[in-house]
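Trainee:
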Amino acid sequence: MSRQAIPPAQGPGAGTPGTAVVPRVPGAAPVPFGQFIVKAHGRCNLACRYCYLYAGPDRTWRTRPATASPAVLDRTADRIAEHAAAHGLDALSLVLHGGEPLLVGAERLGRFAALVRDRVGPGRAVHATVQTNATLLTEHRAAVLARYGVRVGISLDGGLPAHNALRTDHAGRPSWPAAARGARLLAARHPEAYAGILTVVDPRTDPVELYESLLALRPPALDLLLPHGNWTAPPPGLPGGDPGRHAPGAGRATPYGDWLCAVFDRWWRAGRREVRVRLFEECVALLLGLPGATESLGLDPVNAVVVETDGSIEQVDSLKSAYDTAAATGLDVFHHTFDDALRHPGIAARQAGAGALAATCRACPLLTVCGGGHYAHRYRAGHGFGHPSVYCADLDRLVRHVAAALDTALGGGAR
Amino acid sequence: MSGDVGEGAGTPDTPDAAEGTGVPAGAPVPAGDTGPLPDLLELDLATLRTLDHPVLAEVVAELRDRAEQPREMLWGFNNAF
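Protein sequence lines correspond, in order, to chains A and B.
For the first sequence, the working numbering assigns the number 635 to the initial residue and increments by one for each residue that follows.
For the second sequence, the working numbering assigns the number 306 to the initial residue and increments by one for each residue that follows.
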């Protein structure tokens, strides 16, 4: 295991607020895409109040088709196969996403996964998942997805009705009853197809109660996601404005960090691993000097790309929480390859590691673990993404807490 | 580049602890530790698996192949499993 090299910032105006930077480690080839997020449906049957896609600044969904046409899906499958062959990928991840992808029907999702497998050919594994709010997940649909080898990830903000009060439909009705039914059905009838639950953190909730309520839904894995926000539109309970005033050590409260540490402690001290928690396990991996596999932490290159319902090739869609059209590349699957997308400066920035970070982050002792946190959380209007995370102090709290726990487990000062 | 388009000159500082969110701001905390993390790179994964910590042992068991895994097989997209 070796620590990751930390290159200087690159490009004209590197480190100067508000200037365009094309960060690239000298001589570093782009990492091929390995994860392809296909927007099967561009609308959602829910209207979650904090949704980064439909309740945020981005408006691109309004002029896009609601569903991806057969022509878009066919061309997308071709482009995925082309990229896999060009780069010799042994395996790739296909994520069926939205909106709510089950609005196109489970059979159509399954057939698309089969099409991609057919196009990439034997010898290349396609790990297909669908990310759903579970409200439309019936026994029949779950069976269809399982039959096509599509695993199901569920978005839920906890295992109790009160945890999901913000997850309502367009009429303001709670989604919880239908979502809980879908989650329980999946656990009971198709556990082999159950990928896990994604939960957006709300520090107003009791962390241990929430974690244990998620365990009751029997997921094999969880991830705990910080709500998307930035210095211009800060997350609930956090200050925005000038990043320089809110670095670790500046004395700001860390409600999200505290919440996550409470869940970590409950998980870490359980006596057995009750469930995989992606955020915590990636933190451990990074602390041990291994590469990470999360956008939330670490300096590792992001190798995910999005295809929208109209065939547009886009950057990871969480960027849309920053400003309208933030994820756009100007490319599409009919006219461009995924290699063209790898050359886009926005994609390059997500693969530049420390080269894309503020000087503050690059000087931080937590650099190789925190990695500046999620890219979208570094945004400040008029000043781009070259800042520490709006969650900087919370990430500091969490990483130090996990490091201390790991150090104790390893014998601490006795080593 | 991932810069903003058509954006203004930025916003003035906002007050600490956004009001009306219901998230308890809490009192400002004393300046925290800003020093280096403990050095956790000394032990190899095989040794880590033998430690008497069941959660760590399970996590490490799944990480043992990661060092040799191609980067394109580390899938980090957050908004899905």
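Yeah, the Cβ is synthetic: ideal placement off N, Cα and C, and Gly gets one too.
Keep in mind it's a predicted model, so treat the numbers as computed, not measured.
For chain B, find out if any of its Cβ atoms is closer than 8 Å to the Cβ of Pro691/A; answer yes or no.
Mentor: For Pro691/A, the answer is no, since every Cβ of chain B falls outside 8 Å of its Cβ.
Trainee: Please identify the residue among Arg785/A, Val784/A, Ala799/A whose C-alpha is closest to the C-alpha of Asp791/A.
Mentor: Residue Ala799/A is the option with its Cα nearest to Asp791/A.
Trainee: Using a Cβ cut-off of 9 Å, which residues of the segment 825 to 851 of chain A contact any Cβ in chain B, in chain order?
Mentor: Of all residues in the segment 825 to 851 of chain A, Ala829, Gly830, Ile831, Leu832, Asp836, Pro837, Arg838 have a Cβ within less than 9 Å of some Cβ in chain B.
Trainee: Considering only C-alpha positions, which residue in the set Val909/A, Leu872/A, Arg677/A, His978/A is nearest to Asp1028/A?
Mentor: Per the Cα distances, Leu872/A.
Trainee: Considering only C-alpha positions, which residue in the set Asp712/A, Val967/A, Ala740/A is nearest to Arg753/A?
Mentor: If we check each option's Cα against that of Arg753/A, Asp712/A comes out closest.
Trainee: With C-beta atoms as the reference, is Leu922/A less than 8 Å away from Gly932/A?
Mentor: It is not a contact, given that the beta carbons lie outside the stated cut-off.
Trainee: Three-state secondary structure (DSSP) at Pro877/A?
Mentor: Pro877/A falls in the helix class under three-state DSSP.
Trainee: What does Arg371/B touch in chain A if you count any residue whose Cβ is under 7 Å from its own?
Mentor: Within chain A, the residues near Arg371/B are Ala919, Leu924, Pro925.
Trainee: Thinking just about the alpha-carbon of each residue, which of Pro375/B, Leu356/B, Arg371/B, Glu377/B is nearest to the one in Glu916/A?
Mentor: If we check each option's Cα against that of Glu916/A, Arg371/B comes out closest.
Trainee: Is Asp892/A near the ligand PLP, going by C-beta to nearest heavy atom under 7 Å?
Mentor: Although the ligand PLP was asked about, the structure shown includes no ligands whatsoever.
Trainee: Taking the C-alpha atoms as reference points, what is the distance between Phe968/A and Ala938/A?
Mentor: Their backbone Cα atoms lie some 19 Å apart in a straight line.
Trainee: Can you find a CB in chain B that lies within less than 8 Å of the CB of Gly793/A?
Mentor: By this cut-off, Gly793/A is not an interface position.
Trainee: Does the Cβ of Pro333/B have 16 or more other Cβ atoms within 10 Å, making it buried, or fewer, making it exposed?
Mentor: Residue confidence for Pro333/B is low, a pLDDT of 48 falling below 50, so the modelled location carries little weight and cannot support an answer.
Trainee: Measuring only between beta-carbons, confirm whether Ala351/B sits less than 8 Å from chain A.
Mentor: Closer than 8 Å: no.
Trainee: Along the chain, where does the beta strand (DSSP E) that runs through Arg785/A open and close?
Mentor: From DSSP, the beta strand (DSSP E) with Arg785/A extends over 784 to 789.
Trainee: Just the C-alpha distance for Ala855/A and Leu849/A, rounded to the nearest angstrom, thanks.
Mentor: Their Cα atoms are separated by approximately 9 Å.
Trainee: Starting from the C-beta of Leu353/B, find all residues in its chain whose C-beta is less than 6 Å away, skip the five residues before and the five after it, and write them out in chain order.
Mentor: Within the same chain, Leu353/B has close Cβ partners Val365.
Trainee: In chain B, what lies closer than 9 Å to Ile671/A by C-beta?
Mentor: Phe382, Asn384, Ala385, listed in chain order.
Trainee: Distance check for Asp357/B and Ala960/A, CA to CA, integer angstroms please.
Mentor: Cα to Cα, Ala960/A sits roughly 47 Å from Asp357/B.
Trainee: What three-state label does DSSP hand Pro808/A in the structure shown?
Mentor: Of the three classes helix, strand and coil, the one that applies to Pro808/A here is strand, per DSSP.
Trainee: Is the separation between the beta-carbon of Pro935/A and that of Val665/A shorter than 8 Å?
Mentor: Yes, Cβ-Cβ distance for Pro935/A and Val665/A is below 8 Å.
Trainee: Would you kindly work out how many angstroms separate the C-alpha atoms of Gly1020/A and Tyr957/A, rounded to a whole number?
Mentor: If you take the alpha carbons of Gly1020/A and Tyr957/A, they lie about 15 Å apart.
Trainee: Would you please state the rounded distance, in angstroms, between the beta carbons of Arg823/A and Glu773/A? I believe it to be under 8 Å.
Mentor: That pair is a contact at about 6 Å.
Trainee: How is the alpha helix (DSSP H) around Thr604/A delimited, first residue to last?
Mentor: Outside the shown range of chain A (635 to 1049) lies residue 604/A, about which nothing can therefore be said.
Trainee: Examine chain B for any beta-carbon lying closer than 8 Å to the beta-carbon of Gly905/A, and answer yes or no.
Mentor: It does; some Cβ of chain B falls within 8 Å.
Trainee: Please confirm whether Leu749/A and Val786/A have their CB atoms less than 8 Å apart.
Mentor: Result no, Cβ atoms of Leu749/A and Val786/A do not sit closer than 8 Å.
Trainee: Below 9 Å on C-beta distance, what does Arg376/B contact in chain A?
Mentor: By Cβ distance, chain A contributes Val665, Pro666, Gly668, Pro925, Asp934, Pro935, Asn937.
Trainee: Any beta-carbon of chain B closer than 8 Å to the one on Pro756/A?
Mentor: It does not; no Cβ of chain B falls within 8 Å.
Trainee: In this structure, what does DSSP give as the bridge partners for Gln669/A?
Mentor: The partner list for Gln669/A (beta bridge, DSSP) reads Ser727/A, Ala938/A.
Trainee: Using the C-alpha atoms, what's the distance from Ile671/A back to Ser789/A?
Mentor: Roughly 16 Å separates the two Cα atoms.
Trainee: Could you have a look at Val760/A and say whether DSSP puts it in helix, strand or coil?
Mentor: Strand at Val760/A.
Trainee: Between Ala780/A, Val1024/A, Pro699/A, which lies nearest to Pro870/A when the distance is taken from Cα to Cα?
Mentor: Taking only the C-alpha atoms, the option nearest Pro870/A is Val1024/A.
Trainee: Quick one: is Gly732/A buried, meaning 16 or more other Cβ sit within 10 Å of its Cβ, or exposed?
Mentor: Buried, since its Cβ has 16 or more Cβ neighbours within 10 Å.
Trainee: How far does the beta strand (DSSP E) with Glu948/A in it reach, from first residue to last?
Mentor: Unbroken beta strand (DSSP E) run through Glu948/A: 946 to 948.
Trainee: According to DSSP, is Val967/A helix, strand or coil?
Mentor: It is coil, neither helix nor strand.
Trainee: Hey, quick one: how far does the beta strand (DSSP E) through Ala829/A stretch, first residue to last?
Mentor: Its beta strand (DSSP E) spans residues 828 to 834.
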